[in-house]
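Residue numbers (the working numbering): 2 to 914.
Built from N, CA and C at the ideal position, the CB exists for glycine as well.
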């Protein structure tokens with residue numbers, strides 16, 4: 002990768018000069034005490050008692066106009082103020098501005114230049130109270146994720162004074178044609194100007210590439226046409242930037258200068274594919290919410306943004322989807338220089354009205370004006386997930402979106418436009434990209450994910466409006482534009498001055514049953530005895546990150562198996578407060594897998610697939626292999642593989658076109674007896690002319706071949722009886738059995754346990770009408786133990802679907818404690834892909850934290866260690882014992898799945914004790 006070598010900075014002297022007003026300002030929110038506050042940065046950041054405060058605040062500071070500016074126009078410029086700003090100097094109003102994301106400026110009258118000036122900025126951040134803020138209630142303004150992570154008010158971008166001529170350059174719009182080398186520079190002037198306009202184009206080395214000079218006669222607009230004979234294209238690997246410098250000359254004196262970066266690049270969608278500079282492009286993106294550790298909306302420094310971009314490239318990303326926020330301008334400058342594409346979205350509203358809809362378009366027009374020259378920006382989104390609109394039920398709003406799409410295409414025909422980045426139950430109306438969002442936890446939802454991806458790859462009807470008003474060409478590239486899973490950051494790496502970040506106490510307000518609440522995570526780890534499951538809290542955190550890697554690996558590989566899917570956007574680049582699904586944490590600390598992520602997130606990906614990821618020692622298993630090419634033609638190559646580092650074979654791979662999938666012959670791999678009890682890694686390497694261009698691996702759990710069971714069992718249920726017989730268990734009558742196996746319990750079973758019987762309950766599928774392990778109403782005259790109102794054996798059973806345990810947004814971390822008989826299970830403690838065939842559809846609750854030490858052998862937890870529950874658990878009942886499990890242990894023929902057979906053996910042996 003080449004980073005653009007020339008860095009341009011704003012002119013600080015000559016025809017224009019600037020004086021920064023960043024620093025400490027006086028501040029007062031109405032009804033609160035006076036304070037001082039740093040600028041830039043939202044007031045919620047710096048004043049802890051105002052974390053959730055909306056209202057009207059006043060910023061103030063003295064200002065002195067330098068003496069050598071006194072004969073020139075002086076303005077005060079604001080990068081962005083949220084939301085409504087009224088600016089005055091010495092009590093004289095200068096003007097007002099509505100909108101929280103874009104720059105504005107006001108002229109300081111010339112008759113005030115020699116005075117001591119006092120600058121006041123009155124900022125209104127509205128709440129949702131429409132009576133208090135009738136002109137712009139919160140729900141009707143573009144606000145993005147402020148409704149999720151807290152409102153952010155005030156001066157959050159830089160402020161400065163600037164002097165210049167009255168007839169100065171107000172704006173440049175640059176159109177660069179990659180094919181012809183033609184460059185059009187449209188210049189807007191702030192006042193009528195007579196003189197000469199010079200336009201000079203510099204290449205990346207500072208060499209003049211083209212220049213033009215034109216006479217201007219009392220005009221406010223001028224346009225220069227230039228041509229560069231040998232164009233350097235802006236690309237991901239070589240982001241060549243040019244610089245357009247416009248000068249206004251009067252009588253050979255330069256009275257104003259302004260400069261803009263630009264690049265030559267094209268980005269198209271046609272025939273179901275993307276093309277960057279005419280070459281196929283496969284999108285490997287991450288959603289970036291553009292929030293920061295300390296100042297939230299405001300990036301700490303240019304160096305911080307550069308470090309983030311560098312790490313993004315290391316992860317194999319080629320695009321960032323800047324999510325419903327207009328970023329600081331430096332964000333795009335860095336993307337331009339580092340060769341990262343950007344997909345930008347309008348910050349959403351909550352309530353659709355005529356005014357709020359117009360605010361969306363006004364914001365988009367402001368984005369185009371401020372950011373339209375950046376080559377890194379290639380896609381715009383109008384609406385995200387139907388937020389602020391009601392597309393499913395409103396014909397009028399679908400028509401508005403249709404018109405907004407075409408309005409934006411007329412405004413900017415050089416970029417792609419997404420009308421509504423869709424998810425269930427909403428859809429597209431007209432769009433350049435057929436994109437959709439879907440979340441699934443893996444391994445729990447691995448098969449569901451694979452089925453959904455397969456359906457989406459066929460271009461289903463459900464991604465567009467079913468109401469007869471959709472415009473669908475059928476050639477829009479398919480993109481999975483949101484998916485992801487969690488991996489927890491280490492709290493120690495997030496501390497600021499030794500303290501937890503303020504957002505650790507946030508998250509309870511979400512409908513997540515507390516799973517999004519970080520505070521106390523380490524204490525919960527100990528309270529629920531997870532230090533007996535994992536070697537340490539630190540190892541647990543690292544395990545969750547590798548769990549995230551393996552889940553994303555599976556999900557990306559599934560998408561890469563379908564040539565019709567032309568890209569994806571991972572949720573997300575970094576954690577955002579309690580939302581821990583980032584590829585980095587909030588401080589931009591890398592995850593444990595950072596140096597390996599490019600293996601699965603590269604242009605060329607090797608996709609290994611198995612029917613199941615567990616095998617019996619001494620067996621032979623088949624591995625299906627596919628090669629997914631990215632944006633370049635793949636020459637003839639060689640694929641080699643090894644098992645735990647020992648070379649095992651090689652195969653020739655024919656050349657293939659860009660963005661295609663080639664299936665190779667399946668491999669038959671042997672797993673020797675000496676691999677027993679291990680997670681074996683099969684590594685693959687793809688090389689062209691001896692140079693490796695891709696690598697990947699697949700991990701397989703090798704299980705010890707089962708000996709004939711020595712325990713006797715009984716079941717009155719024929720299906721269970723046949724299954725146990727198929728596993729080699731001796732079937733005897735109930736009174737002689739070591740263990741009785743059932744799907745649900747009756748009062749007679751409870752009585753038998755009271756007298757010493759051992760039971761196993763397979764509670765994964767049978768109807769459980771009372772929400773517990775019972776198939777009858779309990780005998781309330783019978784002692785029920787300490788958990789009042791719960792029938793013996795005091796275990797409740799809950800379907801995961803529709804609960805926080807489903808894991809389709811807040812990830813669940815499922816585990817099996819590798820102690821006692823369960824130590825024969827390879828891997829762990831967290832469940833991996835080898836568990837796909839037995840993943841529980843239910844969970845067991847009713848256990849106190851102390852019980853997780855001895856009575857709970859397997860379970861799951863949600864998010865930041867919340868809602869722990871069991872999937873294998875036991876209880877003493879009188880002289881007997883019950884072990885219940887919700888793992889699906891009878892879904893395949895007996896002994897077919899090593900995980901199912903071994904887990905059932907372990908459960909039965911645990912019941913015997």
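Practice problem: Starting from residue 726, follow the alpha helix (DSSP H) in both directions and report where the run begins and ends. | Solution: 719-727 is the span of the alpha helix (DSSP H), which, as asked, contains residue 726.
Quiz item: If you draw a straight line from the C-alpha of residue 831 to the C-alpha of residue 799, how long is it?
Solution: Distance between the alpha carbons of residue 831 and residue 799 is about 21 Å.
Quiz item: If you check the beta carbons only, do residue 292 and residue 575 fall under 9 Å apart?
Solution: Against a cut-off of 9 Å, the Cβ pair of residue 575 and residue 292 comes out as a contact.
Practice problem: Please say whether residue 476 and residue 564 have beta carbons closer to each other than 9 Å? | Solution: No; because the gap between Cβ atoms is not below 9 Å, this pair is not in contact.
Quiz item: Are the Cβ atoms of residue 883 and residue 760 separated by less than 9 Å?
Solution: Yes, the pair counts as a contact, with Cβ atoms nearer than the cut-off.
Exercise. Inspect the beta-carbon positions of residue 344 and residue 278 and report whether they are closer than 9 Å.
Key: Against a cut-off of 9 Å, the Cβ pair of residue 278 and residue 344 comes out as no contact.
Self-check item: residue 517 versus residue 579 - alpha carbon distance
Solution: For residue 517 and residue 579, the distance between alpha carbons rounds to 6 Å.
Quiz item: Bridge partners of residue 697, per DSSP?
Solution: Within the DSSP secondary-structure output, residue 697 pairs in a beta bridge with 685.
Self-check item: Cβ-heavy atom distance, residue 454 to the ligand ATP, below 8 Å
Solution: As presented, the structure is devoid of all ligands, the ligand ATP included, so that no description of it is given.
Quiz item: Quick one: Cα of residue 525 to Cα of residue 549, how far?
Solution: It is roughly 21 Å from the alpha-carbon of residue 525 to the alpha-carbon of residue 549.
Quiz prompt | Separation of residue 817 from residue 443, as counted between CA atoms | solution = A straight-line Cα-Cα distance of about 16 Å links residue 443 and residue 817.
Practice problem: Grab me the residues of residue 52's own chain with a C-beta within less than 6 Å of its C-beta, minus the 5 sequence neighbours each way, in chain order. | Solution: Excluding the 5 residues flanking it on each side, residue 52 has same chain C-beta neighbours closer than 6 Å at 45, in chain order.
Quiz item: On the three-state DSSP scale, how would you describe residue 29?
Solution: It is a strand residue.
Quiz item: Roughly how many angstroms lie between the CA atoms of residue 805 and residue 403, to the nearest whole one?
Solution: For residue 805 and residue 403, the gap between their C-alpha atoms comes out near 36 Å.
Quiz item: Using DSSP with H/G/I as helix, E/B as strand and the rest coil, what is residue 311?
Solution: It is helical.
Practice problem: Excluding the 5 residues preceding and the 5 following residue 826 in the sequence, name in chain order all residues of the same chain whose CB lies nearer than 7 Å to its CB. | Solution: Here the set comprises 817, 819, 903.
Practice problem: Note down the Cα distance separating residue 151 from residue 144, rounded to an integer number of angstroms. | Solution: For residue 151 and residue 144, the distance between alpha carbons rounds to 10 Å.
Quiz item: CA-CA distance, residue 240 and residue 123?
Solution: One C-alpha to the other measures close to 41 Å.
Quiz prompt | 3-residue-minimum beta strand (DSSP E) runs that sit fully inside the segment 311-385, ordered along the chain | solution = Runs found: 320-323, 342-346, 378-385.
Quiz item: For residue 290 versus residue 326, is the C-beta distance shorter than 9 Å?
Solution: Yes, the Cβ-Cβ distance between residue 290 and residue 326 is below 9 Å.
Practice problem: Please state if the CB of residue 111 and the CB of residue 160 are separated by a distance shorter than 9 Å. | Solution: Contact check for residue 160 against residue 111 fails: the beta carbons are separated by 9 Å or more.
Self-check item: Spatial neighbours of residue 697 in its chain, beta-carbon cut-off 6 Å, leaving aside the 5 residues before and after
Solution: Same-chain partners within the cutoff: 600, 607, 685.
Quiz item: So with Cβ pairs under 9 Å, would you call residue 49 a contact of chain B?
Solution: Here chain B cannot be found, since the structure has a single protein chain.
Self-check item: Coarse secondary structure for residue 84, derived from DSSP in three states
Solution: Correct three-state label for residue 84: coil.
Practice problem: Could you pull the start and end residues of the alpha helix (DSSP H) that residue 455 belongs to? | Solution: Its alpha helix (DSSP H) spans residues 447-458.
Self-check item: Cα-Cα separation between residue 505 and residue 142, rounded to whole angstroms
Solution: Approximately 28 Å, taken between the alpha carbons.
Quiz item: Since residue 551 sits in a beta bridge, which residues does DSSP pair it with?
Solution: Its beta-bridge partners do not exist; DSSP assigns none.
Practice problem: For the beta strand (DSSP E) containing residue 908, list its first residue and its last residue. | Solution: Unbroken run through residue 908 is the alpha helix (DSSP H), 899-913; no beta strand (DSSP E).
Practice problem: Inspect the CB distances between the segment 697-707 and the segment 886-906 and report whether three or more fall short of 8 Å. | Solution: Yes, the segment 697-707 touches the segment 886-906.
Exercise. Could I get the ranges of all uninterrupted beta strand (DSSP E) runs contained in the segment 507-576, with 3 residues as the minimum, in chain order?
Key: If we require 3 residues or more, the beta strand (DSSP E) runs fully inside the segment 507-576 come out as 566-571.
Quiz item: Under three-state DSSP, which class holds residue 826?
Solution: In the structure shown, residue 826 adopts coil according to DSSP, grouped into three states.
Exercise. Inspect the CB distances between the segment 55-65 and the segment 166-184 and report whether three or more fall short of 8 Å.
Key: The segment 55-65 is not in contact with the segment 166-184.
Quiz item: What span of residues does the alpha helix (DSSP H) with residue 855 cover, start to end?
Solution: Run containing residue 855: 852-855, per the alpha helix (DSSP H) assignment.
Practice problem: For residue 677, collect the residues of the same chain with a Cβ closer than 7 Å to its Cβ; drop the 5 residues on either side in sequence, then sort them by chain order. | Solution: Cβ within range, chain order: 618, 703, 705.
Quiz prompt | Among 109, 131, 459, 191, nearest to residue 352 - alpha-carbon criterion | solution = Of 109, 131, 459, 191, the residue nearest in Cα terms is 131.
Practice problem: Name the residue from 496, 530, 446 whose alpha carbon lies nearest to the alpha carbon of residue 869. | Solution: Of all alpha-carbon atoms in 496, 530, 446, the one lying nearest the alpha-carbon of residue 869 is that of 530.
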